[in-house]
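Colleague: Please find one structure pasted underneath; my questions will follow.
Chains as they are written, first to last, in the numbering used here: chain A, 183 to 358; chain B, -1 to 424.
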């Protein structure tokens, strides 16, 4: 009797396990990382995900004039949309901050990432990688962070040190 | 109002300038001397039979609309700074014209960075990849097969109430200041379910959430939040999520700043480090008094606002009024709301209308006998973590007025002798 009980209990455990695994819903379709690649436009601050290609500010100037200037103004001065240049020193205590790529953005990788995914506003994702590097270089050059003929590519872009790189601290009351 | 014997306990003022005890809501007691002057003084006219009682009404409509007489209850939309770049900006919920805690889906606020994409749900895909054992793709049909979870939660833009950072008070009403707050019942699949299916690698700490809009808006989300109460939402108030709120699928991170609740969700990439996207560096960071800025400011801290009376909702003479408003906290549930009618010199607890849910707005109500004189109305919320909504002075002392985002200090409405309300700093 006791043996039977044990057997029954054992069978019940097996049945429960089988039922549990059978019921776990799994409706995701496996996909190979290579097949996700066309969608994976993320770029890390360490440069992970940066594509091949290259560009300089000199090359970017013409692209900027054609595709960016109407919204961001001559030489990134802004208006009607965001200014990309200026604001140096405006983060100091008591001043009205002017947050631009030069004065505020902590990572140059963010600039390339945003241009590639979202700009130009009316035809996002239309720039080639070379063009995105070149326009990024132009904006960094306007802010005097790199030189006019410095080459931006997957190796050099993450090494660009932004003026406000150390300007951020974690919010002390965010949940861990 | 006719004469009744009143419960003497209930008529005691609870705070200065006519704030009455909230127990009148609970006990149904009437207020001695509280008359609706200007409303009920003269006898009413004989009652006519209106024309709509004499003819049949309209036929059925496939999708119901509000009464034609409610055409003013719409979202406030500021013209874009640049007409060439439409779809950057906000549509603000008319909170002062709504009651209860829920926001009708068509009035839910919207903040978009590149317009509202017109997404065919059959072609939409959600992919989970990066630091996972098995990258996975989900169709809407697949997502719809999982066990569903429903919860009521607010979404608030991090920039809500940002107008109060202005050094001088601006002549703005509730939607213009606080209208980037809304509340829905959200239904969908727990994100943890999908992450477990993909198998999160031990080195993963973050996931980058990305939308299928033209700007591919993206934010880094801590893995702990994703595994806690994050929801992949398919439904909003019982119907499919509205296009302006992320159709066909959006991320809900209850209590976290609105921008992180990525709409039109198409991709979740698990990573060891945050991506430092444009919207978590150049935007949605809080510049402090010195040159440092807070980054990754996730929870929207405890806050409240009186929605009635408020600018544009003019009091019609001295007498009894209900002060009504909303209180909410991204860290938990509302424990208490206090109301003052003397600029914060004295406070009385408001009645809270249930259900009181975590990370959902609560409607509060306070009975008030207005004497017709100038006064300043304020509300102050406390949540169940013990955090108290700061005064304006306390808020400024901590972070100055340069922060732009996450403004949650006490709002003051001055009521003048004409009964008109205005935004003031008190």
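Backbone N, C-alpha and C define an ideal beta-carbon position, used for all residues, glycine too.
Treat the numbers as computed from the prediction; the structure is a model and nothing was measured.
Is residue 383(B) helix, strand or coil by DSSP?
Modeller: coil
Colleague: Taking 7 Å as the threshold (C-beta atoms), are residue 143(B) and residue 209(A) in contact?
Modeller: yes
Colleague: Going along chain A in order, which residues have a C-beta closer than 8 Å to the C-beta of residue 99(B)?
Modeller: By Cβ distance, chain A contributes nothing, its closest Cβ being about 24 Å from residue 99(B), past 8 Å.
Colleague: Is residue 323(B) buried or exposed, if buried means 16 or more other CB atoms sit within 10 Å of its CB?
Modeller: buried
Colleague: Skipping 5 residues on each side, what residues in its chain have a beta carbon closer than 6 Å to that of residue 36(B)?
Modeller: Interpretation of residue 36(B) is limited by its pLDDT of 48, a score under 50 that renders its predicted location unreliable; no figure is taken from the coordinates.
Colleague: Where does residue 367(B) fall in DSSP's three states?
Modeller: Secondary structure of residue 367(B) (DSSP, three-state): strand.
Colleague: Verify the CB distance criterion: does residue 136(B) have a CB-CB separation below 7 Å to chain A?
Modeller: yes
Colleague: Is residue 58(B) buried or exposed, if buried means 16 or more other CB atoms sit within 10 Å of its CB?
Modeller: Answer is exposed; the Cβ neighbour count stays below 16.
Colleague: Specify, as a first and last residue, the run of the alpha helix (DSSP H) that residue 138(B) falls within.
Modeller: 138 to 141
Colleague: Considering just the uninterrupted stretch of the alpha helix (DSSP H) at residue 299(A), what are its terminal residues?
Modeller: 290 to 300
Colleague: Helix or strand or just coil, what does DSSP make of residue 423(B)?
Modeller: coil
Colleague: Quick test of the definition: if touching needs 3 or more C-beta pairs under 8 Å, does the stretch 247 to 259 of chain B touch the stretch 291 to 298 of chain B?
Modeller: yes
Colleague: Going along the chain, which unbroken runs of the beta strand (DSSP E) with 3 or more residues stay wholly within the stretch 155 to 210 of chain B?
Modeller: 179 to 188 and 204 to 209
Colleague: Report the rounded CA-to-CA distance for residue 319(A) versus residue 286(A), giving the unit in angstroms.
Modeller: 17 Å
Colleague: What three-state label does DSSP hand residue 94(B) in the structure shown?
Modeller: In this structure, residue 94(B) counts as helix in the three-state DSSP scheme.
Colleague: Is residue 122(B) near the ligand HEM, in the sense that its beta carbon is under 6 Å from a heavy atom of that ligand?
Modeller: Of ligands this structure carries none, so the ligand HEM is not represented either.
Colleague: With distances taken between CB atoms, is the gap from residue 340(A) to residue 229(A) smaller than 7 Å?
Modeller: yes
Colleague: For my contact list, residue 327(B) and residue 381(B) are in at a C-beta cut-off of 8 Å; report their separation, rounded to the angstrom.
Modeller: 4 Å
Colleague: Helix or strand or just coil, what does DSSP make of residue 13(B)?
Modeller: strand
Colleague: Using a C-beta to C-beta distance shorter than 8 Å, which residues of chain B count as neighbours of residue 299(A)?
Modeller: 213, 214 and 216
Colleague: 7 Å is my cut-off, CB to CB: does residue 311(A) come that close to chain B?
Modeller: no
Colleague: Quick check: what's the CA-CA separation for residue 289(B) versus residue 349(A)?
Modeller: 7 Å
Colleague: Looking at chain A, which residues of the stretch 141 to 162 of chain B have a Cβ within less than 8 Å of any of its Cβ atoms?
Modeller: 141, 143, 144 and 145
Colleague: Going along the chain, which residues of its own chain have a beta-carbon closer than 7 Å to the beta-carbon of residue 259(B), five neighbours each way excluded?
Modeller: 153, 248, 249, 250 and 251
Colleague: Within the same chain, show all residues whose beta-carbon is closer than 8 Å to that of residue 338(A), passing over the 5 residues directly before and after it, in chain order.
Modeller: Counting only residues of its own chain and dropping the five nearest sequence neighbours on each side, residue 338(A) has a CB closer than 8 Å to the CB of 332.
Colleague: Just the Cα atoms here: how many angstroms apart are residue 359(B) and residue 100(B)?
Modeller: 8 Å
Colleague: If you drop the 5 nearest sequence neighbours on each side, which residues of the same chain put their C-beta closer than 6 Å to that of residue 227(A)?
Modeller: Non-local C-beta neighbours of residue 227(A) in its own chain, meaning closer than 6 Å and more than five positions away in sequence, comprise 289 and 291, ordered along the chain.
Colleague: Comparing the C-beta of residue 300(B) with each C-beta of chain A, is any distance below 7 Å?
Modeller: no
Colleague: Using the rule of at least 16 other Cβ atoms within 10 Å of the residue's Cβ for burial, across every protein chain shown, is residue 115(B) buried or exposed?
Modeller: By the neighbour-count rule (16 or more Cβ atoms within 10 Å), residue 115(B) is buried.
Colleague: Assuming residue 47(B) is part of the beta strand (DSSP E), what are its boundary residues?
Modeller: For residue 47(B), there is no enclosing beta strand (DSSP E), as DSSP gives it neither H nor E.
Colleague: Could you say which of 416(B), 49(B), 119(B) and 201(B) lies nearest to residue 220(B) if we only look at CA atoms?
Modeller: 201(B)
Colleague: Any idea what DSSP makes of residue 30(B), helix, strand or coil?
Modeller: Legend: pLDDT at residue 30(B) = 49, less than 50; position of this residue unreliable, value from coordinates given subsequently. Coil, per DSSP.
Colleague: Counting only Cβ-Cβ distances shorter than 9 Å, please list the residues of the stretch 275 to 292 of chain A near chain B, keeping chain order.
Modeller: 275, 276, 277, 278, 279, 281, 282, 283, 286, 287, 288, 289, 291 and 292
Colleague: Going by CA-CA distance only, name the one from 363(B), 184(B), 384(B) and 369(B) that's closest to residue 332(B).
Modeller: 384(B)
Colleague: Which residues does DSSP list as the beta-bridge partners of residue 394(B)?
Modeller: Bridge partners of residue 394(B): none, in fact.
Colleague: Give the interface partners of residue 288(B) over in chain A, defined as CB-CB distance under 9 Å, in chain order.
Modeller: 273, 274 and 275
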